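For what it's worth, the numbering used here labels the leading residue of the sequence shown as 289, then goes sequentially. Heads up: the structure comes next, in structure tokens.
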Amino acid sequence: MAKGIINIAIDGPAGSGKSTLASALAKKYGLIYIDTGALYRTVGLYIQRKGLDCGDTAGIIASLPEIEITMRLENGKGIVLLGGVPVGDEIRTPRSSMYASEVSKIPEVRDFLLELQRGIARENSTVMDGRDIGTVILPKADVKLFLTAGTEKRAHRRYLELKEKGQETSYDEVLADMLKRDENDSGRKIAPAVPADDAVFLDNSELDAEGTLAAACRIIDGVLGK
Ligand code: DC
Numbered sequence: 289m290a291k292g293i294i295n296i297a298i299d300g301p302a303g304s305g306k307s308t309l310a311s312a313l314a315k316k317y318g319l320i321y322i323d324t325g326a327l328y329r330t331v332g333l334y335i336q337r338k339g340l341d342c343g344d345t346a347g348i349i350a351s352l353p354e355i356e357i358t359m360r361l362e363n364g365k366g367i368v369l370l371g372g373v374p375v376g377d378e379i380r381t382p383r384s385s386m387y388a389s390e391v392s393k394i395p396e397v398r399d400f401l402l403e404l405q406r407g408i409a410r411e412n413s414t415v416m417d418g419r420d421i422g423t424v425i426l427p428k429a430d431v432k433l434f435l436t437a438g439t440e441k442r443a444h445r446r447y448l449e450l451k452e453k454g455q456e457t458s459y460d461e462v463l464a465d466m467l468k469r470d471e472n473d474s475g476r477k478i479a480p481a482v483p484a485d486d487a488v489f490l491d492n493s494e495l496d497a498e499g500t501l502a503a504a505c506r507i508i509d510g511v512l513g514k
């Protein structure tokens with residue numbers, strides 16, 4: 289790791305507010321925000337575009353050498369490019385979420401994305417969010433947070449987010465998807481979404497974005513000795 293580099297890992301389940309918190313922390317501490325879920329979503333998008341089923345493990349593994357995923361760091365954020373083209377909101381649909389969750393269970397897919405994530409954190413001060421940042425990607429991160437909230441709270445937040453983006457969906461559908469993804473992401477054998485031993489838990493069920501940021505800053509400043 290280059291001198292003076294700081295890495296903050298934020299893990300936690302879908303809808304716990306990781307990306308909202310991570311982008312606010314990036315601004316506050318002058319770090320680069322890396323949304324690692326976007327990488328799995330982009331692999332899922334490629335697989336969708338190719339017309340493969342998300343359960344077609346052999347087909348997905350065989351496709352990996354064709355997939356060119358890179359990240360461009362811009363305005364304090366990592367932008368994901370697929371074949372040199374930035375991906376947009378098409379990686380945020382409920383179908384894309386499920387594809388991402390399914391492809392992320394495959395060890396070869398996780399290996400495929402590992403060095404890209406580590407390389408960025410080696411060269412840049414980052415706040416990286418995902419499921420296995422504190423456990424696998426950056427086991428030596430300076431601060432590790434595990435963000436969580438009650439299932440219905442998380443489903444409600446995700447529902448409002450999708451509605452705001454104009455996507456057709458119902459709360460029940462979002463809740464069902466979330467339960468399925470929780471089971472997939474935390475129950476899988478490889479890199480499950482579990483807190484690292486040295487992660488600090490933050491339950492934000494009763495906090496808004498500002499309250500979550502304030503609580504996270506208290507933890508971070510405490511750990512970094514500020
Ligand atoms: O954070 P997200 O909801 O955008 O992530 C999409 C999927 O990718 C999620 O269901 C699990 C997977 N993921 C993962 O396995 N490891 C990560 N570090 C980030 C995401």
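No residue lacks a Cβ here, since even glycine has one placed at the ideal position from N, Cα and C. Just so you know, these numbers come straight off a predicted model, no measurement behind them.
Check: residue i C-beta below 7 Å from any heavy atom of the ligand DC
i	result
LYS320	The residue you asked about is not Lys; residue 320 is Ile in the sequence shown. No, the ligand DC has no heavy atom inside 7 Å of this Cβ.
SER389	yes
THR436	no
GLY366	no
ASP473	yes
ARG329	yes
ARG469	yes
ASP420	yes
SER385	yes
VAL324	First, the residue type needs correcting, since residue 324 is Thr and not Val in the sequence shown. The answer is yes for THR324.
ALA302	yes
SER392	yes
Boundaries (first-last residue) of the alpha helix (DSSP H) holding residue i
i	result
THR308	306-317
ASP473	459-475
ILE349	345-351
ASP509	497-512
ARG380	No alpha helix (DSSP H) contains ARG380, which DSSP labels as neither H nor E.
Minimum C-alpha distance to residue i - residue among the options
i	options	result
ARG419	LEU448, LEU463, SER304, ALA312	SER304
LEU501	ARG476, LEU309, ARG445	LEU309
MET416	LEU495, GLY292, LEU319, GLY339	LEU319
GLY292	ILE379, GLU411, ILE348, MET386	GLU411
LYS315	ASN363, GLN336, VAL331, ILE349	ASN363
PRO480	TYR321, CYS505, ASP299	ASP299
LEU426	ARG406, GLY332, LEU433	ARG406
GLY510	ARG469, ASN472, ASP430, ALA409	ASP430
ILE508	ASN492, LYS428, LYS432	LYS432
GLU494	ARG476, ALA487, LEU467, GLU440	GLU440
LYS306	SER458, ALA484, LEU435, VAL482	LEU435
ILE348	GLY372, GLU390, ASP377	GLU390
ASP470	MET359, GLY366, ALA388, ALA504	ALA388
ILE294	LEU327, TYR321, PRO301	TYR321
ILE296	VAL488, ASN492, LYS338	VAL488
Where the beta strand (DSSP E) containing residue i begins and where it ends
i	result
ALA297	295-299
ASP491	488-491
One or two residues paired with residue i in a DSSP bridge
i	result
GLY366	LEU361
ASP323	ASP417
VAL373	LEU370
Minimum length 3: unbroken beta strand (DSSP E) runs contained in the region 410-454: List check, beta strand (DSSP E) in window: 414-418, 431-436.
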